[in-house]
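Peer 1:
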Amino acid sequence: QAEVLKPANQQQAAIQEKLNRMTVPNVEFVGTPLQSVVEYLTQVSQQLDASEPDPSKRGVNIVVDPQSVTNVAEAMQRQVTLRLTNAPFETVLKYAAEQVQMKYRVDAYAVTIVPLSAANDTQLITRTYPVPPGFISGNSGGGGGAAAGPVDPFAAPAPGAGGAATLVKRLTAREFLENNGVTFPTGALASFNPQNSTLVVKNTQDNLSLIEQMILSSKEGGAKLIQIDYKLIETSDRLLNEIGFDWLLGQYNIPGSSDIFAGGGSFGNQAANRGAGDYPFEFPGGGPVGSYPVTGGLRSGLARQSGLTIDDVINRDAPTLAGSPAAPGILSVAGVFTDPQVQMVLRGLSQKKGNDLLSTASVVTRPGERAVIKQIREFIYPTEYDPPEIPNQIGGATISVTTPAGGGSFTPGGVAVTPANPAAFETRELGQILEVEPALDADNFTVNLNLITDFSEFSGFINYGSPITGRDQLLLDVVLTPPFFITQEVSGVI
891 QAEVLKPANQ QQAAIQEKLN RMTVPNVEFV GTPLQSVVEY LTQVSQQLDA SEPDPSKRGV
951 NIVVDPQSVT NVAEAMQRQV TLRLTNAPFE TVLKYAAEQV QMKYRVDAYA VTIVPLSAAN
1011 DTQLITRTYP VPPGFISGNS GGGGGAAAGP VDPFAAPAPG AGGAATLVKR LTAREFLENN
1071 GVTFPTGALA SFNPQNSTLV VKNTQDNLSL IEQMILSSKE GGAKLIQIDY KLIETSDRLL
1131 NEIGFDWLLG QYNIPGSSDI FAGGGSFGNQ AANRGAGDYP FEFPGGGPVG SYPVTGGLRS
1191 GLARQSGLTI DDVINRDAPT LAGSPAAPGI LSVAGVFTDP QVQMVLRGLS QKKGNDLLST
1251 ASVVTRPGER AVIKQIREFI YPTEYDPPEI PNQIGGATIS VTTPAGGGSF TPGGVAVTPA
1311 NPAAFETREL GQILEVEPAL DADNFTVNLN LITDFSEFSG FINYGSPITG RDQLLLDVVL
1371 TPPFFITQEV SGVI
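When we follow the numbering used here, the leftmost residue of the sequence shown carries the number 891, and every step to the right adds one.
#1: Could you check the C-alpha separation between Ala1251 and Ser1108 for me, to the nearest Å?
#2: Do you know offhand how far Leu974's Cα is from Thr1255's?
#3: Is the beta carbon of Arg968 less than 7 Å from the beta carbon of Leu924?
#4: Pull up the DSSP beta-bridge partners for Arg973, would you.
#5: Helix, strand or coil: which one does DSSP assign to Val1408?
#6: What does Val1090 pair with, by DSSP beta-bridge criteria?
#7: Which same chain residues end up closer than 6 Å to Gln900 when comparing Cβ atoms and leaving out the 5 residues on each side of it in sequence?
#8: DSSP on Ala1063, reduced to helix/strand/coil?
#9: Sorted by chain position, which residues of the same chain lie with C-beta nearer than 8 Å to Phe1269's C-beta, five sequence neighbours on each side aside?
#10: Cutting at 8 Å between CB atoms, please list the residues of its own chain near Phe1173, excluding the five before and the five after it.
#11: Taking the C-alpha atoms as reference points, what is the distance between Gln902 and Pro956?
#12: Of all the options Val1001, Gln991, Ser1148 and Met966, which has the alpha carbon lying nearest to the alpha carbon of Val950?
#13: Check each candidate in Phe1351, Tyr930, Asn1311 and Ser1148 and name the one with the smallest Cα separation from Phe979.
#14: Three Cβ pairs or more, each shorter than 8 Å: is that satisfied between the region 1225-1245 and the region 1129-1148?
#15: Would you grab the beta carbon distance between Val1091 and Ile1101 for me? Rounded to a whole angstrom, and I think it's under 8 Å.
#16: Considering just the uninterrupted stretch of the beta strand (DSSP E) at Met1234, what are its terminal residues?
#17: For the candidate residues Val1326, Asn910, Thr1185 and Ala1332, whose alpha-carbon lies nearest to that of Asp1344?
#18: Once you ignore the five residues that flank Gln906 on each side, which residues in its own chain have a CB closer than 7 Å to its CB?
#19: Under the three-state reduction of DSSP, which class applies to Ala1314: helix, strand or coil?
#20: Please determine, among Gly1219, Ser1148 and Tyr1142, the residue with the shortest C-alpha to C-alpha distance to Ser1181.
#21: Here's the rule: buried if 16 or more other CB atoms are within 10 angstroms of the residue's CB, otherwise exposed. What is Gly1186?
#22: Tell me whether Phe1151 is buried or exposed, calling it buried when 16 or more other Cβ atoms sit within 10 Å of its Cβ.
#23: How about Leu1006 and Lys993: are their beta carbons less than 7 Å apart?
#24: Between Gln1231 and Glu1124, what straight-line distance do the alpha-carbon atoms span, to the nearest angstrom?
#25: Would Leu1324 and Gln1241 be called neighbours here (beta carbons separated by less than 7 Å)?
#26: Which residue wins for smallest C-alpha separation from Thr1018, given the options Ile1105, Ala1224, Ala963 and Glu942?
#27: Taking the alpha carbon of Arg1260 as the reference point, which residue from Glu1274, Thr1228, Ala1216 and Asn1340 has its own alpha carbon closest?
#28: Go ahead and pull the three-state DSSP assignment for Asn1334.
#29: Please classify Thr1094 as buried or exposed, where buried requires at least 16 neighbouring CB atoms within 10 angstroms.
#30: Looking at C-alpha atoms only, which residue of Val1072, Glu988, Lys1264 and Tyr1169 is the closest neighbour of Val1253?
#31: Quick one: residues in its chain with C-beta nearer than 7 Å to the C-beta of Pro1257, no 5 flanking neighbours on either side, listed in chain order?
#32: Measure the C-alpha to C-alpha separation of Asn961 and Val928 and round it to an integer number of angstroms.
#33: For Tyr999, count neighbouring C-beta atoms within 10 Å of its own C-beta (all shown protein chains included) and say buried if the count is 16 or more, exposed if not.
#34: Helix, strand or coil for Gly1032? Go by DSSP, reduced to three states.
#35: Suppose only complete runs of 3+ residues qualify. What are the beta strand (DSSP E) ranges in the region 941-966, listed by chain order?
#36: So is Ala1216 buried or exposed if we call it buried at 16+ other beta carbons inside 10 Å?
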């Protein structure tokens, strides 16, 4: 099968890609002839081009152009003194050529070393560069053909303008590059796509190097802003499913024995789980049919919760009205005139609670500067209380009492106690707080974030006070209610 030949520009691009990709670990020339330098670099390129699967195509060919050099033998004996470490192959080749007052040119099949006076327009290379959006307009002041300054719409028209508005001429990519010293030989071109900020240039290697320096300077200079979009999604689901049987069994005589009886048990430590209203069948005088539980040790509904929850502590002073803790009854069956009396209740429960919360915010900042996004409300609460006070003197009206045994008088005590009052306050920010510090990499594309988040919400107050009881059973509430918060904090580097 015949090998498909690539166009010359594709072959040049392939050689140029190798020059950019290969890195020479160490090179040291001390008075080395150019011929030995060329042979050494050719061998090194074959060793460094390990990504080429075909061994016959590894490396690059380096030759000295005999047509452009007047005395080839003399040029090959020119000495090169160069010492570099971890340098790109193209840089080593460039410095070696400059040592002997020559330069290199990328051709279709080889890298050719030519004199400095050799023409550069014989080989054109096409490259595509991603550039900043304002690369053309932001640097248009580099030459005499730069774009005009801002137009004053209220200024008097220039002579001969006929009163027409002055239009600012937008520079093309080629005009902009020519104003900045880039030459365009025959066949060279340049175009800029503002949609994706891409610059396409077809030119010589020297001019492409100049354009690359312009792009690098444009990326390094100028102010840079980073936009940070923040979205928080909080999802919670609570599922509660239950199905079970609740049995009541009355007392009865065991068959075959007149002295042994059996029956259901007692509720024991689960007595609060059931009430008379939890069983549909009841005796006329009160009490459920069956009376004695068989499943009294099983927890149902809210009775499955054990211990004191934070909600119970918060609502200690205003508890929720309690109903039956058992799950609702779906079906009941009872034996009223049977021996023994029996009752069964089928209990079932299915509850689902979901909560989805989405919050979003955006902030623009510069690299290296900390930005804060806050979605909060300020919550002011007391942190210190003055203790309650009892007055030093307690007085009241004098009452006289006369009895057969004698008379007397006494003064009833009137207690006026000053309750505890808040003495110091603090302000807490509740909501979402996001602190970000972006750092922009050298490629002006990758962003590293130093991130700190704080999500807080108010749950309620907990009363740590207790009532003051006087001798005459007068109660005075002492309310000390610091708030209770739920906080989620995250810090890290992204």
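No residue lacks a Cβ here, since even glycine has one placed at the ideal position from N, Cα and C.
Peer 2: In short:
#1: Sequence index remark: in the sequence shown, residue 1251 carries index 361 (1-based). Sequence index remark: in the sequence shown, residue 1108 carries index 218 (1-based). Spanning the two alpha carbons is a distance of roughly 31 Å.
#2: For this step, residue 974 is matched to residue 84 along the sequence shown. For this step, residue 1255 is matched to residue 365 along the sequence shown. Whole-angstrom Cα-Cα distance: 41 Å.
#3: Sequence index remark: in the sequence shown, residue 968 carries index 78 (1-based). Sequence index remark: in the sequence shown, residue 924 carries index 34 (1-based). Contact flag set, yes.
#4: Locating residue 973 in the sequence shown gives position 83, where the first residue counts as 1. The partner list for Arg973 (beta bridge, DSSP) reads Glu918.
#5: Here the chain has residues from 891 to 1384 only, and residue 1408 is not among them.
#6: Within the sequence shown, residue 1090 is the residue found at index 200, counting from 1. Answer is Thr1018 and Ser1081, bridged to Val1090.
#7: Within the sequence shown, the letter at position 10 stands for residue 900. Excluding sequence neighbours, Gln900 sits near nothing in its chain.
#8: Against the sequence shown, residue 1063 aligns to sequence position 173. Helix at Ala1063.
#9: Walking along the sequence shown from the start, residue 1269 turns up at place 379. Closer than 8 Å at Cβ, skipping near neighbours: Thr1317, Arg1318, Glu1319, Leu1320, Phe1348 and Pro1373.
#10: The residue labelled residue 1173 in the question sits at position 283 within the sequence shown. Correct list, in chain order: Val1179.
#11: Taking the sequence shown and counting its residues from 1, one reaches residue 902 at position 12. Taking the sequence shown and counting its residues from 1, one reaches residue 956 at position 66. Distance between the alpha carbons of Gln902 and Pro956: 20 Å.
#12: By one-based count along the sequence shown, residue 950 stands at place 60. Ranking the options by Cα distance to Val950, first place goes to Val1001.
#13: Mapped onto the sequence shown, residue 979 falls at position 89. The option with the nearest alpha carbon to Phe979 is Tyr930.
#14: yes
#15: Translated into positions along the sequence shown, residue 1091 becomes position 201. Translated into positions along the sequence shown, residue 1101 becomes position 211. The Cβ separation is near 6 Å, so the contact holds.
#16: Against the sequence shown, residue 1234 aligns to sequence position 344. From DSSP, the beta strand (DSSP E) with Met1234 extends over Val1232 to Thr1255.
#17: Position 454 of the sequence shown holds residue 1344. Taking only the C-alpha atoms, the option nearest Asp1344 is Val1326.
#18: Position 16 of the sequence shown holds residue 906. Excluding residues within five positions, the ones whose Cβ falls inside 7 Å are Val996 and Ile1015.
#19: Counting from 1 along the sequence shown, the entry for residue 1314 is found at position 424. In the structure shown, Ala1314 sits in a strand (DSSP, three-state: E or B).
#20: Taking the sequence shown and counting its residues from 1, the one referred to as residue 1181 is at position 291. Closest option to Ser1181, Cα to Cα, is Tyr1142.
#21: For the purposes of this step, residue 1186 is identified with residue 296 of the sequence shown, where counting begins at 1. Classification of Gly1186: buried, given that the 10 Å Cβ count is 16 or more.
#22: Position 261 of the sequence shown holds residue 1151. Per the 10 Å Cβ criterion, exposed.
#23: Reading the sequence shown from its first residue, position 116 is the one you call residue 1006. Reading the sequence shown from its first residue, position 103 is the one you call residue 993. For Leu1006 and Lys993, yes; Cβs fall inside 7 Å.
#24: Taking the first residue of the sequence shown as position 1, residue 1231 is located at position 341. Taking the first residue of the sequence shown as position 1, residue 1124 is located at position 234. Approximately 53 Å between the Cα atoms of the pair.
#25: On the sequence shown, position 434 is the one that residue 1324 refers to. On the sequence shown, position 351 is the one that residue 1241 refers to. Contact flag unset, no.
#26: The residue you call residue 1018 lines up with position 128 of the sequence shown. Nearest of Ile1105, Ala1224, Ala963 and Glu942 to Thr1018, Cα basis: Ile1105.
#27: Position 370 of the sequence shown, counting from 1, holds the residue named residue 1260. Nearest option by C-alpha distance: Asn1340.
#28: The residue given as residue 1334 occupies position 444 in the sequence shown. Asn1334 falls in the coil class under three-state DSSP.
#29: In the sequence shown, the residue the question calls residue 1094 occupies position 204. Thr1094 is buried by the Cβ-count criterion.
#30: For the purposes of this step, residue 1253 is taken as the residue at position 363 of the sequence shown. Comparing Cα-Cα distances from Val1253 to each of Val1072, Glu988, Lys1264 and Tyr1169, the minimum goes to Lys1264.
#31: On the sequence shown, residue 1257 is found 367 positions in, with the first residue counted as 1. Closer than 7 Å at Cβ, skipping near neighbours: Lys1114, Ile1116, Pro1328, Ala1329 and Leu1330.
#32: If you number the sequence shown from 1, residue 961 lands on position 71. If you number the sequence shown from 1, residue 928 lands on position 38. When rounded, the distance between both Cα atoms is 17 Å.
#33: Numbered from 1 along the sequence shown, position 109 holds the residue referred to as residue 999. Exposed, because fewer than 16 other Cβ atoms sit within 10 Å of the Cβ of Tyr999.
#34: For this step, residue 1032 is matched to residue 142 along the sequence shown. Only weak support exists for where Gly1032 lies, its pLDDT of 43 falling under 50; the value from the coordinates is given anyway. Here Gly1032 sits in coil by DSSP.
#35: 952-954
#36: On the sequence shown, residue 1216 is found 326 positions in, with the first residue counted as 1. Buried is the call here.
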